[in-house]
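J.: Numbering (the working numbering), first residue to last: 940 to 1305. Backbone N, C-alpha and C define an ideal beta-carbon position, used for all residues, glycine too. Remember, it's a predicted structure, so these values are computed and weren't measured experimentally.
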DNA sequence: ACATTATTTCCTGTTT
DNA sequence: AAAACAGGAAATAATG
């Protein structure tokens, strides 16, 4: 009941929240707990989610960037007429690479605020993913993590400061970024640093697709008392599971029905887009996949099971495997979203019906 | 309520 | 022998 248990739940919640871009569960609630029960007033006015709400700034589209800017203009009661909006034609990736000076140039005094808020999100996400990493990789429960000396230091300082701060400044942080950097779980031994992308996995074997990842059935990210418990969970070993997509647990949606989602298939919801986005952000993908031929759109899975786990997390399906993911990939051949590359294991190629991966396209934003 | 789309799951067989 | 690859078949979730 006390600390550790709670923290474990908090993280479970947080993680599940992050891996689920559509269903918004206000993270403030969780953060408030971290901050010791309720010492912070919740800026509850988050009934509706902006488009940038659920994604990592790197992946914001131009429209999302604009929305984000508008949000801060409003919030700061800033005089928008002073802003040259023709200069705001950038996507999240570009935005993230702006210096404070550049932002100040475009947005005036608001530029500093924007820079601060932006990097708050980014840095917090990095730290969060570090912890998530530990949870996954070591197959530890979060209690264990927080009892672990070094981890608890990090965990605590981080929960207290960054989370609290970020909460007070940006209530919307609940990014989907985690799907990229969340399970960068390197080897099964090297826990050093991963969230910010430092180590280049030296092992890019030629055919060892399934490395490090712990047994998929062992991944227990979600604690059991929160509605995620009964969710199929793939009893892969014992009884046979039913065929087809795992059934959705539909509880847990009590009053959040008021926030109706208008967009049906938001960007990044398809497997090939997910794969593409990993490829497009090598600084975050920590050796999950790599381009074999950037021009031609040929790529390779380096850590196939890890990618599958990530995909599973995004889809809230803890029993995803590369085998199943690859079946979906093979269906893309017929639709020409992918082209066949035979003879080369774990290698695929984007087809004419895929988009957004070519260098030109990337440079011209999404 | 029904149809379609995009997977997800399972399986058997083949190839590397 | 262990992974991947191939696809067929069927199930399921979300959408239209």
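#1: Which ranges does the beta strand (DSSP E) cover as unbroken runs of at least 3 residues, wholly within the region 1217 to 1297, from first to last along the chain?
#2: Nearest to residue 1237 by alpha carbon, out of 1255, 1274 and 1285?
#3: Would you tell me roughly how many angstroms separate the C-alpha atoms of residue 1030 and residue 1219, rounded to the nearest one?
#4: Beta-carbon separation of residue 1050 and residue 1057 under 7 Å?
#5: Could you give the distance in angstroms between the alpha-carbon of residue 980 and the alpha-carbon of residue 996?
#6: Would you call the CB atoms of residue 1228 and residue 1249 closer than 7 Å?
#7: Count the other CB atoms, across all protein chains shown, that sit within 10 Å of the CB of residue 1282; report buried if there are 16 or more and exposed otherwise.
#8: Helix or strand or just coil, what does DSSP make of residue 1000?
#9: May I ask you to report which of helix, strand or coil DSSP gives residue 1090?
#10: Between 1053, 1024, 1254 and 1259, which lies nearest to residue 1038 when the distance is taken from Cα to Cα?
#11: Between the C-alpha atoms of residue 1296 and residue 1252, what's the straight-line distance to the nearest angstrom?
#12: Since residue 1017 is in the alpha helix (DSSP H), which residue starts that stretch and which ends it?
#13: To the nearest angstrom, report how far apart residue 1278 and residue 1183 are at their CA atoms.
#14: Could you pull out every residue in the same chain whose Cβ sits closer than 6 Å to the Cβ of residue 1247, ignoring the five residues on either side in sequence?
#15: Would residue 1019 be called buried (16 or more neighbouring beta carbons within 10 Å of its own) or exposed?
#16: Can you find the residues in the same chain that come closer than 8 Å, C-beta to C-beta, to residue 1294, ignoring five residues on each side of it along the sequence?
#17: Are the Cβ atoms of residue 1276 and residue 1211 separated by less than 7 Å?
#18: Measure the C-alpha to C-alpha separation of residue 1015 and residue 1008 and round it to an integer number of angstroms.
#19: Quick one, which of 1060, 1012 and 1059 has its alpha-carbon nearest residue 1045's?
#20: Let me know if residue 1287 comes out buried or exposed under the rule of 16 or more other beta-carbons within 10 Å of its beta-carbon.
#21: In the DSSP assignment, find the unbroken alpha helix (DSSP H) run with residue 1039 in it and report its ends.
#22: Is it right to say residue 1269 is buried, meaning 16 or more other beta carbons lie within 10 angstroms of its own, or is it exposed?
#23: Just the C-alpha distance for residue 1254 and residue 1185, rounded to the nearest angstrom, thanks.
#24: Here's the rule I'm using: 16 or more other beta-carbon atoms within 10 Å means buried, otherwise exposed. How should residue 1224 be labelled?
#25: How big is the Cα-Cα spacing for residue 1232 and residue 1289?
#26: Note down the Cα distance separating residue 1292 from residue 1274, rounded to an integer number of angstroms.
#27: Within the same chain, show all residues whose beta-carbon is closer than 7 Å to that of residue 1021, passing over the 5 residues directly before and after it, in chain order.
#28: Residue 1033 by DSSP, collapsed to three states: which one?
#29: Quick check on the burial criterion: 16 or more other C-beta atoms within 10 angstroms. Buried or exposed for residue 1267?
#30: Check the C-beta distance from residue 1005 over to residue 1026 and give it rounded, since I have them as a contact under 8 Å.
#31: To the nearest angstrom, report how far apart residue 1215 and residue 1034 are at their CA atoms.
#32: Reducing DSSP to helix, strand and coil, say where residue 1183 ends up.
T.: So, to answer that:
#1: Correct list: 1228 to 1232, 1237 to 1240 and 1286 to 1289.
#2: Here residue 1237 refers to the residue found at position 298 of the first chain. The residue with the shortest Cα to Cα distance from residue 1237 is 1285.
#3: For the purposes of this step, residue 1030 is taken as the residue at position 91 of the first chain. For the purposes of this step, residue 1219 is taken as the residue at position 280 of the first chain. If I take the Cα positions, the gap works out to 14 Å.
#4: Taking the first residue of the first chain as 1, we reach residue 1050 at position 111. Taking the first residue of the first chain as 1, we reach residue 1057 at position 118. In this structure, residue 1057 does not lie closer than 7 Å to residue 1050 by Cβ.
#5: Working through the first chain from its first residue, we reach residue 980 at position 41. Working through the first chain from its first residue, we reach residue 996 at position 57. Note that residue 980 scores a pLDDT of 33, beneath 50, so its modelled location is shaky; the value from the coordinates is reported in the next line. Taking C-alpha positions only, residue 980 is separated from residue 996 by approximately 26 Å.
#6: Mapped onto the first chain, residue 1228 falls at position 289. Mapped onto the first chain, residue 1249 falls at position 310. The Cβ-Cβ distance between residue 1228 and residue 1249 does not fall below 7 Å.
#7: The count along the first chain starts at 1 and reaches residue 1282 at position 343. Residue 1282 should be labelled exposed.
#8: Here residue 1000 refers to the residue found at position 61 of the first chain. For residue 1000, the secondary structure class from DSSP, reduced to helix, strand or coil, is coil.
#9: As a working note, residue 1090 is residue 151 in the first chain. With a pLDDT of 37 at residue 1090, under the threshold of 50, the predicted position of this residue should be treated as unreliable, though the coordinate-derived value follows. The three-state secondary structure of residue 1090, taken from DSSP, is helix.
#10: If you number the first chain from 1, residue 1038 lands on position 99. Answer by Cα proximity: 1053.
#11: Along the first chain, one-based indexing puts residue 1296 at 357. Along the first chain, one-based indexing puts residue 1252 at 313. So the two alpha carbons sit approximately 23 Å from each other.
#12: Translated into the one-based positions of the first chain, residue 1017 becomes position 78. Unbroken run through residue 1017: none, as it is neither H nor E.
#13: As a working mapping, residue 1278 is identified with position 339 in the first chain. As a working mapping, residue 1183 is identified with position 244 in the first chain. Spanning the two alpha carbons is a distance of roughly 25 Å.
#14: For this step, residue 1247 is matched to residue 308 along the first chain. The residues are 1259, 1260, 1261 and 1264.
#15: Residue numbering aside, residue 1019 sits at position 80 when the first chain is read from its first letter. Classification for residue 1019: exposed.
#16: Locating residue 1294 in the first chain gives position 355, counting from the first residue. Excluding residues up to 5 positions away in sequence, 1300 lie with their Cβ nearer than 8 Å to the Cβ of residue 1294 in the same chain.
#17: Mapped onto the first chain, residue 1276 falls at position 337. Mapped onto the first chain, residue 1211 falls at position 272. Using a Cβ distance threshold of 7 Å, residue 1276 and residue 1211 count as a contacting pair.
#18: Reading the first chain from its first residue, position 76 is the one you call residue 1015. Reading the first chain from its first residue, position 69 is the one you call residue 1008. C-alpha separation (whole angstroms): 11 Å.
#19: Residue numbering aside, residue 1045 sits at position 106 when the first chain is read from its first letter. Checking every option, the nearest Cα to that of residue 1045 belongs to 1012.
#20: In the first chain, residue 1287 corresponds to position 348, counting from 1. When all chains shown are included, residue 1287 counts as buried.
#21: For this step, residue 1039 is matched to residue 100 along the first chain. Segment 1039 to 1046, the alpha helix (DSSP H) holding residue 1039.
#22: Here residue 1269 refers to the residue found at position 330 of the first chain. Residue environment for residue 1269: exposed (fewer than 16 other C-beta atoms within 10 angstroms of its C-beta).
#23: On the first chain, position 315 is the one that residue 1254 refers to. On the first chain, position 246 is the one that residue 1185 refers to. For residue 1254 and residue 1185, the distance between alpha carbons rounds to 10 Å.
#24: The count along the first chain starts at 1 and reaches residue 1224 at position 285. Buried is the call here.
#25: Counted from its first residue, the first chain places residue 1232 at position 293. Counted from its first residue, the first chain places residue 1289 at position 350. Near 11 Å, if we compare the C-alpha coordinates of residue 1289 and residue 1232.
#26: Taking the first residue of the first chain as 1, we reach residue 1292 at position 353. Taking the first residue of the first chain as 1, we reach residue 1274 at position 335. For residue 1292 and residue 1274, the distance between alpha carbons rounds to 7 Å.
#27: As a working note, residue 1021 is residue 82 in the first chain. Taken in chain order, the residues that qualify are 1047.
#28: On the first chain, position 94 is the one that residue 1033 refers to. Shown here, residue 1033 sits in a helix according to DSSP, grouped into three states.
#29: Numbered from 1 along the first chain, position 328 holds the residue referred to as residue 1267. So residue 1267 ends up on the exposed side.
#30: Taking the first residue of the first chain as position 1, residue 1005 is located at position 66. Taking the first residue of the first chain as position 1, residue 1026 is located at position 87. Contact between residue 1005 and residue 1026 does not hold, since the beta-carbon distance rounds to 11 Å and is not under 8 Å.
#31: If you number the first chain from 1, residue 1215 lands on position 276. If you number the first chain from 1, residue 1034 lands on position 95. Straight-line Cα distance between these residues: approximately 20 Å.
#32: Residue numbering aside, residue 1183 sits at position 244 when the first chain is read from its first letter. In this structure, residue 1183 counts as coil in the three-state DSSP scheme.
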